[in-house]
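Residue numbers (the numbering used here): 5 to 346.
Just so you know, even glycine gets a beta-carbon here, dropped at the ideal spot from N, CA and C.
In what follows, a single structure is set out as structure tokens and then discussed.
Here you go:
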């Protein structure tokens, strides 16, 4: 037995998987909600085994689908593909996706990659759950050589699913969210918010790594040792590589400055780190997505305008040049959970 204080964080290590809701296709969402669509789909599912002998059943359903597609102004082939996906992506496929062996870490990484690909697109977006505006960075801006792209996220939706938890030691066997193991779903929540996304120029980052290779190797030696000897780092979707450490550090000092400048509590601001060296993709999303009203009134994305963003960004860099805990901070070999931080 081990005694723990009642308020100890070691009592409960939650395991979450989260994703920005990037679907946003209003027409497809609406047509799925249409009562005639659901009725036609269920009517075909009931007799699915007889479709080979009675193709007219499917033709009749497609006829109803075509009328609905015309009503909603969408391409019939797109609507038909959605119908076929719902028809043939049945219970067996759903059950196979939810297994104990399913690698949630890989799924989370795949989700992060899709998010970065979408946010790094060179166009504004106006979807149901994602509304973005690309910010023009002036040629004479001091941040122009370092920031490849700046985007104001005026609206974003995030879905978080709770898959399980562990106690005392995060590497121990995970306890499933469904204690009885009889359900094929996990609890989740969908929240809305706003944010700022900025993409780092990959050439500048690579140059920084080359020019400081020896210093980085020495500085990150302790971090790599802690990371390689404890699974928590990987479970936190982190990395001991210099590019990730740079982005994570930059994200935190930027969040601290945002909280100071705009009056947000640091706990209300969340981050998503996009570090994909294999495709020279580096970016940071700072956003708020909570069930309460903090950060949902436009205040955060407003700071993404170039004049305000530039000032906050430069201030955050300048503030990071010293630490109020020095010399203790500077001399430390590792702090935080499992000494994963310098």
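- If the five residues before and after residue 68 are omitted, its C-beta is found closer than 7 Å to the C-beta atoms of 40 and 44, all from its own chain and listed in chain order.
- In the DSSP annotation of this structure, residue 11 is not part of any alpha helix (DSSP H), being labelled neither H nor E.
- The alpha-carbon of residue 310 is positioned some 42 Å away from that of residue 73.
- The residues 165, 166 and 181, in chain order, have a CB closer than 8 Å to that of residue 191 in the same chain once the five nearest residues on each side in sequence are set aside.
- In this structure, the straight-line span from the alpha carbon of residue 155 to that of residue 314 is close to 13 Å.
- In the DSSP assignment, residue 208 falls within the unbroken alpha helix (DSSP H) covering 206–215.
- Contact between the segment 244–257 and the segment 274–282 is present: three or more C-beta pairs spanning the two stretches fall below 8 Å.
- Listed in chain order, the alpha helix (DSSP H) elements of length 4 or more contained wholly in the segment 300–327 are 303–306 and 310–323.
- By the CB criterion at 9 Å, residue 203 and residue 157 fall outside the cutoff.
- In this chain, residue 228 is not harboured by any beta strand (DSSP E); it is covered by the alpha helix (DSSP H) spanning 225–232.
- For the 9 Å CB-CB criterion, residue 153 and residue 124 form a contact.
- Between residue 120 and residue 285, the CB-CB gap stays under 9 Å.
- Restricting attention to 210, 268, 206 and 171, the CA atom closest to the CA of residue 10 is found in 171.
- Beta-bridge pairing by DSSP links residue 150 to no other residue.
- Cβ-Cβ separation between residue 163 and residue 63: approximately 36 Å, too far for a contact (criterion under 8 Å).
- For residue 217 against residue 342, the beta-carbon gap comes to about 26 Å, at or over 8 Å, which does not count as contact.
- Inter-residue distance for residue 346 and residue 52 is about 60 Å (C-alpha atoms, whole angstroms).
- Collapsing the DSSP output to three states places residue 165 in a strand.
- Between residue 288 and residue 251 a beta carbon distance of about 6 Å is seen, short of the 8 Å cut, so the two are scored as contacting.
- In this chain, residue 291 is not harboured by any alpha helix (DSSP H); it is covered by the beta strand (DSSP E) spanning 285–293.
- The straight-line gap separating the alpha-carbon atoms of residue 259 and residue 198 is approximately 14 Å.
- An exposed status is given to residue 92, since fewer than 16 other beta-carbon atoms sit within 10 Å of its beta-carbon.
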